[in-house]
Amino acid sequence: MQQLWLIPCLPLVGFLLLVLGHGRCSRSAARLVGVGSVAMAALVTLWVALDFYSPGAAQSYQVELWPWFSAGALEVSFGLYLDGLSLSMLFVITGVGSLIHWYASGYMWQDPDYQRFFAYMNLFVAAMLMLVLADNLVLLFLGWEGVGLCSFLLIGFWHQDPANGYAARKAFVVTRVGDTAFAIGLFLLFRELGTLDLPTIMALAPEQFVMGANRPTLIAALLLAGAVGKSAQLPLHTWLPDAMAGPTPVSALIHAATMVTAGVYLIARTHEVFLQAPDVLLVVAFIGLFTLLISGFTALNQTDIKRVLAYSTMSQIGYMFFALGVGAWNESVFHLMTHALFKALLFMTAGSIILAMHHEQDIRSMGGLRRQLPVPFWCFVIGSACLVALPPTSGFFSKEAILNASWQLPGYGPWLWAGGVLGAFITAIYSFRLLFMVFFGPQKAQPHEPKGWQFHPPLMILAALSLVAGWFVLPTGPVLPASPAGHPPTWTIVVAIAMPLLGIGIAYQVYVRHQWQGLRLAQWPQLRQFLFQGWGFDGLYQRLLLTPFTALALVNRHDIIDGVPKLLIQLSRFLHGLFSQLQNGQLRFYIATLASAAIIVLALALKVL
Amino acid sequence: MNWLELTSLMPLLLVASISVILLLLLAFVRDHKLTCWITCLGLAMAAYWAFADMGNAPQQVTPLLIMDDFSRLLGGTVLLVSLACGWMSYAYLETADEIREEYYILLSLAALGACVLVASNHFASMFIGLELMSVSLFAMVGYMAHSKQQANMTLEAGVKYMVLSGVSSSFLLFGVALIYAYAGNLNIDLQVAADGPRLQSGYLVIGSALLLVGVAFKMSWIPFHMWTPDVYQGAPAPVTGFLAGAVKVAVFAFAMRWLMMAQGDYLDLLLLGLTVMAVLSMVVGNLLALRQNNLKRLLGYSSIAHMGYVIVTLAASATLGATAQSTALEGAAIYLITYASMTMLAFAVISQLAARDRRFESGTLTHYQGLLFQQPLLAGALMLAMLALAGMPLTAGFIGKYYLVLVAVDSQLWLLLSLLVLGSSLGLYYYLRVILVLCKAPVGDSHLILGASEKLLLMLLVAVTLWLGLYPTPVIEWVQFAIQ
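So the sequence lines, in the order shown, correspond to chains V and L.
Under this note's numbering, residue 610 is the last one in the first sequence; the count climbs by one each step, no gaps.
Under this note's numbering, residue 825 is the last one in the second sequence; the count climbs by one each step, no gaps.
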């Protein structure tokens, strides 16, 4: 496991090479560095994993690379920590990441800023790896902000269009709200425990905190706020749909597979703190539930293919939060992994469709594409099957486990379960609505399928992985608490399997056979508009926060406090002018000054006598 | 004079011999390049000797000069500054419509005077050193007398410097005479003759006050600074560099030595005078520079401010006991070394530019507009010099200023410390303004090609300025070694 440091270093070196060689090396060289560095990181991850799984190997491995800073009692080092949880994340980031890089090398080939794109992507992967490998929360925060920065840069990658810049800014500002809470949480945690070293926190939290007391609850709530911002959960979720302004591989890598799941990772990583705050855990479950329902309903009538997938991502991360909240820790990380696979697959397939349709993203102008685009079609079918959790795809295993665990939560369990199943039903409808509208029905435009070794192989590999990933076993068992034992009644399982099928059936009736049109939301234009705009959250925030803030800013446009520095400036300029007058170049004046100054000195000397 | 004394005096002898060799040589051969080479080599050898001699026991050579590690360290620094000055003068004089070779004789004499001043612990040698330096500089400041473009400016500057310097020297000399009248000898430590002071101590106080006036003039402490901007602007750029670098270091070294010895009731007066001058120099010097449009004039005001900052170490050394004195001395030495490196860097850039086009030194800042895109090396070096003068971390200027703050806090000189901070923030404005001008879009295009030796000089100065900022430990250890 001594090679661990190589994993975040390789993409970082790739980033540096791409930045320093900007404008000086060819596209193929940029491709080699950009894709190669992440692929090599994936190989090193495999190497490390072999060590990790070898018999007798330690369950966790901590290495301090070098001290970063120390201030008072706070000593922070660049240290890496590997256990089952971070190893699982490494698989996702480097594995899915290198497939997406591979795909992006073809997708972005025509872009004039090819090299800049890969520089940002590599920096993102390096920051994300730093986030999951950090052995202390400060370094984790560095990675956390690093991925935020890269997300900003990549959403606004096509900065020539101001709308993209706006989307990037929105993502940055909204997540910043959560990050601020996260940082305050870190300060409090340090004040309470005197350390930010993750293994130490995990050991100290159960001893130092009283379960359910104010302090762990406050700290957990603040950490949750950070996680909510990063993972686009209610109420800080409004940035994710707009983030689709970035290139599609970015959406696949950052806004589906890796960065947006950082919140889940954070909660799982600090689970000992959350276990001391059961109230907050319940809030986590309900945030997940509401997010998955609200974004599911919104996805029902989106018309932009990427926005449908964006809402679906929010909804699936909602399931992960839901799982964390009900105590299904391992299942949550498992769903994180399967979701990364099938959502990356769906996004990249969507990317292929968008390329084929000449950058048309509106699904109303697509249709009947299954014959012209057979490979994307089958990949999309597999991805959607995973998304709606059809057995025996990977999505089925992970979602089923989450629902089963939720049933067993004492108190709210059955209610949460019902909400989750409703979510699964909606998921089925919107996923297959998308599938049917894009691939079935009359053909509306002639697509040009992008072909080549950068397009189909990564899709096929991801499709195969999405199908079989249900049988994978992640090494998170020893790290995270086990989910509640026992089995829910059999009928719950039957319902949970039946609901998605029902949803698919309805979607088939409505969108392929064009029956049951009474179910279409077009019947209620106002409700449709409300749902289309994501339940009016943007408008709410506009009215609640932005309008008062801009009004306040307008009132104080000529900043009152600015007056003080302005006065200082005026004073300095006045004095400058005054003294400059004395510098008149007249020798006689200079001598007179010298002599008078000498006389003053002499007068002082005589006074001392 | 025995052999040991002779070898320890070697740096001075070497510099003196340069002027003799050049005088003899010029009777037979007139060759600018050869002259410059001999000067630079001689100065380099002398500097090397001074540094290599460090660690040996202090040598009192006659009652006039003391060659201790302090003299060797700062004398070596002065010699290096002179070396840089000679180096950058070559290109500058090459393009001048002027007799070139005699300049180097003057330069070596000025360097000799500065070294004598650093090493003097007797008022007689102090006066000889000071005047040797000043008289050579009168001629150097007004050297471009035959150039059509420059004659007016340079002669005006030379005459102003000569007259004002003469006035101040008369104050200084009178002060020395009064001190002699009091003490009966001219030793800098004011050892009163065996039969006791012949006059009352009032003579000592008045004499010291007048001596301070003379020193303050050379250091251009406000209100004795009036000559500075005019002379800085009028003098040829390399000479301005010498004025800003070598002269200040040498005179300050003498002032330090004098005040360390000073004790008794007249110390209060000196402290009061120094504090007033420090306050004025820091504030007014920076204010004067604020919107200055000629770079050399701006650097003149900036040097006023910097010499105001460094008074902090003098005040500290005069207030406190022996341990704090060594901190103050260390701070002063490091500040002077860092200041010399960055100010020479700035003047190297100016004189290399002025060698091509004299408007770079006589004209306004607009000539520098967009230089970064036309001359990245020169403009980058100038930016570094500006950042260093502003005291930015990772440059030499930060280390110097850090030491001043350290010394001020140690000695609890709160007034001076707060004004130092205020002055630094004012300073940032005009240093950054220069950088801003360099970064603007260029007007017209320039075709300057630097020679290899000019580039080498720039690289060396940049390297020293960065090295002092990035990894100052060796220099700090070296200075500490010299002071103990």
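The C-beta atom is built at its ideal place from N, Cα and C for all residues, glycine as well.
All of these numbers come straight from a predicted model, not from anything done at the bench.
Is the Cβ of residue i closer than 8 Å to any Cβ of chain L?
i	result
V/Leu568	no
V/Ala43	no
V/Leu66	no
V/Leu576	yes
V/Ser484	no
If we cut at 8 Å on Cβ distances, does residue i have a partner in chain V?
i	result
L/Leu327	There is no way to answer for residue 327 of chain L, as the model of chain L reaches only from 342 to 825.
L/Met494	no
L/Met567	yes
L/Ala550	yes
L/Arg774	no
L/Phe512	yes
L/Val312	Residue coverage of chain L in this structure runs from 342 to 825, which leaves residue 312 of chain L outside it and unanswerable.
L/Pro734	no
L/Ile817	no
L/Pro564	yes
L/Gly543	yes
L/Ile547	yes
L/Pro570	yes
L/Leu553	yes
L/Arg632	yes
L/Val805	no
Per DSSP, residue i is paired with what?
i	result
V/Ser71	V/Glu76
V/Ser55	Bridge partners of V/Ser55: none, in fact.
L/Gln821	Answer by DSSP bridge pairing: none, since L/Gln821 is not bridged.
L/Glu443	DSSP output for L/Glu443 lists no bridge partner at all.
L/His463	L/Asn528
V/Ala495	Reading off the sequence, residue 495 of chain V comes out as Val, not Ala. None, per the DSSP bridge assignment.
L/Met408	L/Gln400
V/Asn137	V/Asp198
V/Tyr82	V/Gln63
V/Asp305	V/Asp363
Out of the options, point me to the one whose CA is closest to residue i's CA.
i	options	result
V/Pro250	V/Gln209, V/Asn215, V/Tyr108	V/Tyr108
L/Val422	L/Ser787, L/Met683, L/Leu763	L/Met683
V/Ala244	V/Ala168, V/Val139, V/His449	V/Ala168
V/Arg216	V/Val265, V/Gly179, V/Asp280, V/Ile156	V/Asp280
L/Pro404	L/Leu527, L/Pro579, L/Leu730, L/Val803	L/Leu527
V/Ala470	V/Phe92, V/Leu11, V/Cys10, V/Ser55	V/Phe92
L/Val391	L/Ala687, L/Glu818, L/Leu350, L/Ser477	In the sequence under discussion, the amino acid at residue 391 of chain L is Ala, which differs from the Val named in the question. Of the listed residues, the one whose Cα sits closest to L/Ala391 is L/Leu350.
V/Ser467	V/Trp103, V/Val609, V/Asp363, V/Ala345	V/Ala345
L/Ser658	L/Glu702, L/Leu789, L/Met601	L/Met601
V/Met321	V/Thr350, V/Arg308, V/Gly396, V/Leu460	V/Gly396
L/Pro564	V/Val602, V/Val609, V/Ala606	V/Val602
V/Gly487	V/Pro451, V/Ala419, V/Pro411	V/Pro411
Any heavy atom of the ligand MG closer than 7 Å to the beta-carbon of residue i?
i	result
V/Thr548	As presented, the structure is devoid of all ligands, the ligand MG included, so that no description of it is given.
Please check the pair residue i and residue j, which I expect to be a contact at CB under 8 Å, by giving their CB distance rounded to whole angstroms.
i	j	result
L/Cys377	L/Leu420	Wrong, their Cβ atoms sit about 16 Å apart, outside the cutoff.
L/Leu628	V/Leu576	5 Å
V/Ala338	V/Ala425	First, the amino acid is wrong: residue 338 of chain V is Met here, not Ala. Actually they do not touch by this definition, with Cβ atoms about 19 Å apart.
L/Leu778	L/Leu706	It should be pointed out that residue 778 of chain L corresponds to Val in this sequence rather than to Leu. L/Val778 to L/Leu706, Cβ: 5 Å. Contact.
L/Leu760	L/Val620	6 Å
Just by C-beta distance, which residues in the stretch 579 to 594 of chain V are closer than 7 Å to chain L? Phe580, Ser581, Gln584, Gly586, Leu588, Tyr591, Ile592, Thr594
Name, going along the chain, the residues of the stretch 479 to 504 of chain L whose beta-carbon falls closer than 9 Å to a beta-carbon of chain V. Glu497, Val500, Lys501, Val504
Taking only beta carbons into account, state which residues of the stretch 599 to 620 of chain L come closer than 7 Å to chain V, listed in chain order. So the list reads Asp609, Leu610, Leu613, Gly614, given in the order they occur along the chain.
Any residues in the stretch 598 to 609 of chain V with a beta carbon nearer than 7 Å to a beta carbon of chain L? Which ones, in chain order? Ala598, Ala599, Val602, Leu603, Leu605, Ala606, Val609
Taking beta-carbon pairs under 7 Å, can you tell me which members of the stretch 66 to 94 of chain V lie near chain L? none
Any residues in the stretch 751 to 775 of chain L with a beta carbon nearer than 9 Å to a beta carbon of chain V? Which ones, in chain order? Taken in chain order, the members of the stretch 751 to 775 of chain L whose beta-carbon sits within less than 9 Å of a beta-carbon on chain V are Leu767, Tyr770.
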